[in-house]
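Working notes, structure below.
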Amino acid sequence: SQQGEEDPQALSIQEGENATMNCSYKTSINNLQWYRQNSGRGLVHLILIRSNEREKHSGRLRVTLDTSKKSSSLLITASRAADTASYFCATEGSGNTPLVFGKGTRLSVIA
Amino acid sequence: NAGVTQTPKFQVLKTGQSMTLQCAQDMNHEYMSWYRQDPGMGLRLIHYSVGAGITDQGEVPNGYNVSRSTTEDFPLRLLSAAPSQTSVYFCASSYSNRGYGELFFGEGSRLTVL
Numbered sequence: 056s057q058q059g060e061e062d063p064q065a066l067s068i069q070e071g072e073n074a075t076m077n078c079s080y081k082t083s084i085n086n087l088q089w090y091r092q093n094s095g096r097g098l099v100h101l102i103l104i105r106s107n108e109r110e111k112h113s114g115r116l117r118v119t120l121d122t123s124k125k126s127s128s129l130l131i132t133a134s135r136a137a138d139t140a141s142y143f144c145a146t147e148g149s150g151n152t153p154l155v156f157g158k159g160t161r162l163s164v165i166a
Numbered sequence: 334n335a336g337v338t339q340t341p342k343f344q345v346l347k348t349g350q351s352m353t354l355q356c357a358q359d360m361n362h363e364y365m366s367w368y369r370q371d372p373g374m375g376l377r378l379i380h381y382s383v384g385a386g387i388t389d390q391g392e393v394p395n396g397y398n399v400s401r402s403t404t405e406d407f408p409l410r411l412l413s414a415a416p417s418q419t420s421v422y423f424c425a426s427s428y429s430n431r432g433y434g435e436l437f438f439g440e441g442s443r444l445t446v447l
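Residue numbers (my numbering), protein chains in the order written: chain A, 56 to 166; chain B, 334 to 447.
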């Protein structure tokens, strides 16, 4: 299975601090995506990084991808209480297979 | 712009009953899929479709049927509900029929099977 595994499972930080979440996967990928899910809601796409990219930014988000280690990280800078949510990585395999999601990291940002 | 619409939002069934979860998108997306989300399990793919008339199985297809007669709709049928199918179900779509790019999710359908 190419399922991504997020680490840590849960993270609690103070407002203004940075939050880093990691994702590891098992097989070759075309791209890796990060999603956010607020409690009781659907998932929302945050960012996509392709296998030939190493880093990508979007606002306060920074994603890195290391295909040699089969891992990715999501950094949220200057976190806010509104960033409290679960964050999931999802991988699309090199065989054009549908997205496979990890189990998520639950982030709590305390004001 | 409605995006992906799922109905019903909540449903309680008795073991053995059947029902259909509806999913409709208004973005002319080729790719549509159904996931279930269980505590500690993340999202698991049930069925997906790369276009009208084409469906395929995901990781956990047993007990579920799908059809794709139009680009807009992708209903998920539970044939004979079991307590193990208690879950939150999400429909998602994408512009690409190869599943590339971002998925757009509905708000979920919360199903309890007694």
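No residue lacks a Cβ here, since even glycine has one placed at the ideal position from N, Cα and C.
- Item | Candidates A:R96, A:L129 and A:S94, of which the one nearest I104 of chain A by Cα | A:L129
- Message: Give me the residue from B:T348, B:Q370 and B:M365 with the minimum Cα distance to V337 of chain B.
- Response: B:M365
- Could you tell me whether the Cβ of L444 of chain B comes closer than 8 angstroms to any Cβ of chain A? no
- Beta-bridge partners of L154 of chain A, as assigned by DSSP: In DSSP, L154 of chain A forms no bridge with anything.
- Query: In chain order, what residues of the same chain have a beta carbon less than 8 angstroms from the beta carbon of L447 of chain B, not counting five sequence neighbours either side?
  - Reply: V345, L346, K347, T348 and P416
- Query: Mind checking whether F143 of chain A and G375 of chain B have CB atoms under 8 angstroms apart?
  - Reply: yes
- Task: Mind reading off the beta-carbon distance from I131 of chain A to R109 of chain A? Whole number of angstroms is fine, and I expect it under 8 angstroms.
- Result: At roughly 19 angstroms, the Cβ-Cβ gap does not stay under 8 angstroms, so I131 of chain A and R109 of chain A are not in contact.
- Query: Under 8 angstroms between the Cβ atoms of E70 of chain A and A140 of chain A?
  - Reply: no
- Contact with chain A by G396 of chain B, beta-carbon distance below 8 angstroms: no
- Start-to-end residues for the beta strand (DSSP E) that takes in R401 of chain B: Unbroken run through R401 of chain B: none, as it is neither H nor E.
- Query: Closer than 8 angstroms, CB to CB, is S366 of chain B near chain A or not?
  - Reply: yes
- Task: Report the rounded CA-to-CA distance for L411 of chain B versus M352 of chain B, giving the unit in angstroms.
- Result: 5 angstroms
- Query: Using a Cβ cut-off of 7 angstroms, which residues of the stretch 373-401 of chain B contact any Cβ in chain A, in chain order?
  - Reply: G373, M374, G375, L376, L378, Y381 and G391
- Query: Measuring CA to CA, which of B:V421, B:D406, B:E440 and B:S429 is closest to D359 of chain B?
  - Reply: B:D406
- Check the Cβ-Cβ distances between P63 of chain A and every residue of chain C, and say whether any is below 8 angstroms. This model lacks chain C altogether, as its protein chains are A and B.
- Message: Using only the alpha-carbon positions, how far apart do S149 of chain A and S83 of chain A sit?
- Response: 6 angstroms
- Is Q57 of chain A close to chain B, meaning its C-beta is less than 8 angstroms from at least one C-beta of that chain? Interpretation of Q57 of chain A is limited by its pLDDT of 48, a score under 50 that renders its predicted location unreliable; no figure is taken from the coordinates.
- Under 7 angstroms Cβ-Cβ, which residues of chain B neighbour H112 of chain A? In chain order: nothing, as chain B lies at least about 17 angstroms away.
- Query: Looking at the structure shown, is G359 of chain B part of a helix, part of a strand, or coil, going by DSSP?
  - Reply: According to the sequence shown, residue 359 of chain B is Asp rather than Gly. Note: D359 of chain B maps to coil in three-state DSSP.
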